[in-house]
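First residue of the sequence shown? That's 1 in the UniProt record's numbering, and the numbers climb one at a time after it.
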Amino acid sequence: KAELAMLQAELDKWKQQREAEKQWELEKDSEASDSKQRMEHRRFEVEAELQAALGKIKIMEGKRDEDHAKIAKLEELIAEMKAKMEAERVQAQFKLGARTSVVAARMDDKLSTLEQSLSQMNQEKETVLSEVDRLKQERRKQQEEEERRKKEMEDYQKTSHAQTLWLRNLPPKEKKVVVFVKEKAVFAAKDTFNMEMELTPNILLPMIGEIYKQKIAADNSDDADSNESRQTLEEFVYDFFLFKFGLRQFAEAHLKDLIHSIGNYQTESPRISLFGRLLGLYEELPAAATDFAMSFLASLHHFSGTALEGEGREWGPMALQHGPSEDEVKTGKSDVPMEAVMRAAEHVFKSLDAATQEGIRLRMKNFLPAGAKIVELDMAMDAGIMAYEFAQKTEEEEISVLFDEADENKDGNLFLEEFQAIVQKTRPDVSMKKVRTMFREALRISGQGSRIHPEAFGAVMRANGFTKMPLTQLHQKFTGNDYNGMALLQESWNSIKEEVRELHADLADSAAMKTEIENMQASIMELEDFLRKGNSPDNAWILYRRIITFFHGQKNMRETVRREGQASKGVSAYSTKIDHSKSNERFSDVVE
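Encoded structure:
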């Protein structure tokens, strides 16, 4: 074809030349005749060459068709070979599977026989295990538990909160412990439950929210009663668990798990981290920070709208309800409007000077996402605590300036005259009686006889309102949805239900306890029904307290009987006598 194209091009070229020559023939007839003959001769030659090229093309096309036919035959042969190989593979697999099934069946029979033999041997082994071996195993577990608790106590001995220190270092069961809060014995000489429970974030987050809500309500109640002072957060958390579970020992066992769970999950949630700081577990905040945190949280809810409208998540107008949203009480996670965050900060820091307030406002804006209309509640709380620490640092600097100004001889301490001068300069209307009362309090804190040190000076000035930091201001009204606490209840029940059922099975044959056992079985079934449905949290908690009280009482009664048996066999050098006439009395009387 290429040759044909070349020849065709050459033919066209000669045709053009021929036309030119025809024109030339008009001018010169004599030369035209010769030229025409030459052109005709050349045309015949070109046409001959063209016919030869066309013949070659036909031959090549025939060869191409033969090649295509050969390729088609080869493809058919390949497909046939593939089908044959696939059939052989399937047949081989079938034969192999049949042989494997036979071998597997034989192996299963042998394995079943071996398992039966092993099971029989294990039963014989369990039968021949002596009481001495069992006691050795229990002793080894007790030693491991003591070592673990010893390590935990060494890891957590830095806290300055006496009650938190106890919570971290609960002793093993049957040891006595005394807890002091504000130099007063709160409780003494008690045992703790031997139970382990993991409070995961899905339990901790709503539970911390519930603690905060109840703490705010308790603070407002204490403020309304002039004779009551606010509880510390440690004291309140202890009471929270005590009221939840009813039994002190049971509550303390859960408090131990709470402290360890906070340590495990503090990095997973800002809420858990802040709660641990307020309790003094790490990066300790001052006691007054709890009052601020509760006031700021109440203000956040107070200034937040309680309904979201549309997909744009625009906050609706403020409703009469000022408290946690439905998302908050279910998951422990919720959002608040940025406007509410800034209004809450303005409210809690309103006693500070304008320069400090402006510094707080700028720091909070830099901390929170730029341009955001809503932020997470926990992020807003972190921003508030950050602002509080800034204001606290500013206040400490101001107190330090006042102390240096009062310390005329620059000995690092203040006498009465120096203290009186700076107090009356700061507030001229203060009476001398008030000055002396403040000075005596500062002396008590200092413990240095007739002089007070800078820390005592700062504490007294704050406590008597000579600084502008918000400490014990009234919290905003805080109502709204209630946290149901069913996740905490479920986890607690999971940790003891097997032991409760074992005790129930042991007592099932007791004729004297028949009524109590039947009532308790009904309570257990009703509790588990509440937990499955996730409703009626108040009723579920009442049932749970009833169950654990019964469980604890019967457990103690069995322990008493066991010890009596040991004493009667000479295990103890002292005689233990029990009035068996009371063994069958009603459980409610025993508890009373």
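No residue lacks a Cβ here, since even glycine has one placed at the ideal position from N, Cα and C.
Quiz prompt | Contacts around Glu49, its chain only, beta-carbon distance under 7 Å, and the 5 residues preceding and following it disregarded | solution = Counting from one through the sequence shown, the residue named residue 49 turns up at place 49. Same-chain partners within the cutoff: Leu7.
Exercise. Alpha carbon to alpha carbon, how far is Pro454 from Asn413? Give it in angstroms, no decimals.
Key: Within the sequence shown, numbered from 1, the residue matching residue 413 stands at position 413. Within the sequence shown, numbered from 1, the residue matching residue 454 stands at position 454. When rounded, the distance between both Cα atoms is 7 Å.
Quiz prompt | Leu414, DSSP secondary structure in three states | solution = As a first step, residue 414 must be located in the sequence shown, where it is residue number 414. Residue state, collapsed to three classes: strand.
Practice problem: Leaving aside the five residues before and after Gly312 along the sequence, list all residues of the same chain whose C-beta is less than 7 Å from its C-beta, in chain order. | Solution: What you label residue 312 is simply residue 312 of the sequence shown in a count that begins at 1. Its pLDDT being 42, under 50, Gly312 is placed unreliably in this model, and the coordinates cannot settle the point.
Quiz item: To the nearest angstrom, how far is it from the Cα of Gln448 to the Cα of Ile262?
Solution: As a first step, residue 448 must be located in the sequence shown, where it is residue number 448. As a first step, residue 262 must be located in the sequence shown, where it is residue number 262. Going from the Cα of Gln448 to the Cα of Ile262 covers about 39 Å.
Quiz item: Can you give the Cα-Cα distance for Ala72 and Lys63, rounded to whole angstroms?
Solution: Mapped onto the sequence shown, residue 72 falls at position 72. Mapped onto the sequence shown, residue 63 falls at position 63. The alpha-carbon atoms of Ala72 and Lys63 are separated by roughly 15 Å.
Quiz item: Taking contact to mean at least 3 C-beta pairs separated by less than 8 Å, is the region 538-545 in contact with the region 495-508?
Solution: no
Quiz prompt | Backbone secondary structure at Pro369 - three-state DSSP | solution = Within the sequence shown, numbered from 1, the residue matching residue 369 stands at position 369. Residue state, collapsed to three classes: coil.
Quiz item: In three-state terms, what does DSSP make of Glu389?
Solution: Position 389 of the sequence shown, counted from the first residue, corresponds to residue 389. In this structure, Glu389 counts as helix in the three-state DSSP scheme.
Exercise. Count the other C-beta atoms from every protein chain shown that fall within 10 angstroms of the C-beta of Leu531, then say buried if there are 16 or more, exposed otherwise.
Key: As a working note, residue 531 is residue 531 in the sequence shown. Buried is the call here.
Quiz item: If you draw a straight line from the alpha carbon of Trp541 to that of Phe439, how long is it in whole angstroms?
Solution: Position 541 of the sequence shown holds residue 541. Position 439 of the sequence shown holds residue 439. Trp541 and Phe439: Cα-Cα distance of roughly 50 Å.
Exercise. Please report the Cβ distance between Pro201 and Tyr282, rounded to the nearest whole angstrom; I am assuming they are in contact, meaning their Cβ atoms lie under 8 Å.
Key: As a working mapping, residue 201 is identified with position 201 in the sequence shown. As a working mapping, residue 282 is identified with position 282 in the sequence shown. Not quite, the Cβ-Cβ distance comes to about 17 Å (not below 8 Å), so this is no contact.
Exercise. Please state whether DSSP places Glu328 in a helix, a strand or coil.
Key: Position 328 of the sequence shown holds residue 328. Helix.
Exercise. Name, in chain order, the residues that DSSP records as bridge partners for Asp335.
Key: Working through the sequence shown from its first residue, we reach residue 335 at position 335. Paired residues: Glu376.
Practice problem: Just the C-alpha distance for Gly332 and Asp257, rounded to the nearest angstrom, thanks. | Solution: As a working note, residue 332 is residue 332 in the sequence shown. As a working note, residue 257 is residue 257 in the sequence shown. Straight-line Cα distance between these residues: approximately 19 Å.
Exercise. Please confirm whether Leu278 and Thr290 have their CB atoms less than 7 Å apart.
Key: For the purposes of this step, residue 278 is taken as the residue at position 278 of the sequence shown. For the purposes of this step, residue 290 is taken as the residue at position 290 of the sequence shown. Yes, the Cβ-Cβ distance between Leu278 and Thr290 is below 7 Å.
Quiz item: So which of Arg139, His475, Leu242 has the shortest CA-CA distance to Phe292?
Solution: As a first step, residue 292 is located in the sequence shown; it is residue number 292 there, counting from the start. Among Arg139, His475, Leu242, the Cα nearest to that of Phe292 is on His475.
Quiz item: Cα separation between Phe240 and Ala288?
Solution: Position 240 of the sequence shown, counting from 1, holds the residue named residue 240. Position 288 of the sequence shown, counting from 1, holds the residue named residue 288. Approximately 20 Å, taken between the alpha carbons.
Quiz item: Comparing alpha-carbon positions, which option in Leu443, Leu489, Gly485, Lys434 lies nearest Asn464?
Solution: For the purposes of this step, residue 464 is taken as the residue at position 464 of the sequence shown. The shortest C-alpha separation from Asn464 is found at Lys434.
Quiz item: Closest by CA to Met381, which one among Lys373, Ser295, Ile496, Val237?
Solution: Counted from its first residue, the sequence shown places residue 381 at position 381. Comparing Cα-Cα distances from Met381 to each of Lys373, Ser295, Ile496, Val237, the minimum goes to Ser295.
Quiz item: Taking buried to mean at least 16 other C-beta atoms within 10 Å of its own C-beta, is Ser492 buried or exposed?
Solution: Working through the sequence shown from its first residue, we reach residue 492 at position 492. That one is buried.
Practice problem: Assuming Glu441 and Val460 form a contact by the criterion Cβ under 8 Å, report the distance between their Cβ atoms to the nearest whole angstrom. | Solution: As a working note, residue 441 is residue 441 in the sequence shown. As a working note, residue 460 is residue 460 in the sequence shown. Right, their Cβ atoms sit about 5 Å apart.
Quiz item: Could you give the distance in angstroms between the alpha-carbon of Ser431 and the alpha-carbon of Arg271?
Solution: In the sequence shown, residue 431 corresponds to position 431, counting from 1. In the sequence shown, residue 271 corresponds to position 271, counting from 1. If I take the Cα positions, the gap works out to 44 Å.
Quiz item: Within this structure, are the beta carbons of Ser299 and Pro337 separated by less than 7 Å?
Solution: Taking the sequence shown and counting its residues from 1, the one referred to as residue 299 is at position 299. Taking the sequence shown and counting its residues from 1, the one referred to as residue 337 is at position 337. Taking 7 Å as the Cβ cut-off, Ser299 and Pro337 do not qualify as a contacting pair.
Quiz prompt | Cβ-Cβ separation, Phe236 to Ala253 (assumed contact under 8 Å), whole Å | solution = Taking the first residue of the sequence shown as 1, we reach residue 253 at position 253. Taking the first residue of the sequence shown as 1, we reach residue 236 at position 236. Not confirmed; about 19 Å, so no contact.
Quiz item: Going along the chain, which residues of its own chain have a beta-carbon closer than 8 Å to the beta-carbon of Ala20, five neighbours each way excluded?
Solution: By 1-based counting over the sequence shown, the position of residue 20 is 20. Once the five neighbours on either side are set aside, Ala20 has no close Cβ partner at all.
Quiz item: Using a Cβ-Cβ cut-off of 7 Å (strictly less than) and excluding sequence neighbours within five positions of Leu507, which residues of its own chain qualify?
Solution: Looking up residue 507 in the sequence shown gives position 507. Met513, Ile517, Gln554.
Quiz item: Cα separation between Gln521 and Phe550?
Solution: If you number the sequence shown from 1, residue 521 lands on position 521. If you number the sequence shown from 1, residue 550 lands on position 550. Using only the alpha carbons, I get a separation of about 11 Å.
Quiz item: So is Arg444 buried or exposed if we call it buried at 16+ other beta carbons inside 10 Å?
Solution: Position 444 of the sequence shown, counting from 1, holds the residue named residue 444. Classification for Arg444: exposed.
Quiz item: Going by other Cβ atoms of all chains shown within 10 Å of its Cβ, with 16 needed for buried, is residue 629 buried or exposed?
Solution: This structure does not reach residue 629, given that the chain is present from 1 up to 592, and the question cannot be answered.
Quiz item: What is the rounded straight-line gap between the Cα of Ala251 and the Cα of Ala105?
Solution: On the sequence shown, residue 251 is found 251 positions in, with the first residue counted as 1. On the sequence shown, residue 105 is found 105 positions in, with the first residue counted as 1. Rounded to the nearest angstrom, the two C-alpha atoms are 56 Å apart.
Quiz item: Which residues mark the beginning and the end of the alpha helix (DSSP H) in which Phe240 is found?
Solution: Sequence index remark: in the sequence shown, residue 240 carries index 240 (1-based). Here the alpha helix (DSSP H) through Phe240 covers 233-245.
Practice problem: Could you pull the start and end residues of the alpha helix (DSSP H) that Gly209 belongs to? | Solution: Within the sequence shown, the letter at position 209 stands for residue 209. Segment 201-224, the alpha helix (DSSP H) holding Gly209.
Self-check item: Validate contact between the region 369-376 and the region 335-350 using beta carbons, cut 8 Å, 3 pairs
Solution: yes
Quiz prompt | Rounded distance between the beta-carbons of Phe367 and Met342, thought under 8 Å | solution = Against the sequence shown, residue 342 aligns to sequence position 342. Against the sequence shown, residue 367 aligns to sequence position 367. Between Phe367 and Met342 the Cβ distance is about 12 Å, and since that is not below 8 Å, they are no contact.
Quiz item: Between Phe349 and the rest of its own chain, which residues show a CB-CB distance below 8 Å, the 5 nearest in sequence each way excluded?
Solution: Indexing the sequence shown from 1 puts residue 349 at position 349. Excluding residues within five positions, the ones whose Cβ falls inside 8 Å are Thr356, Gln357, Ile360, Ala387, Ala391, Pro470.
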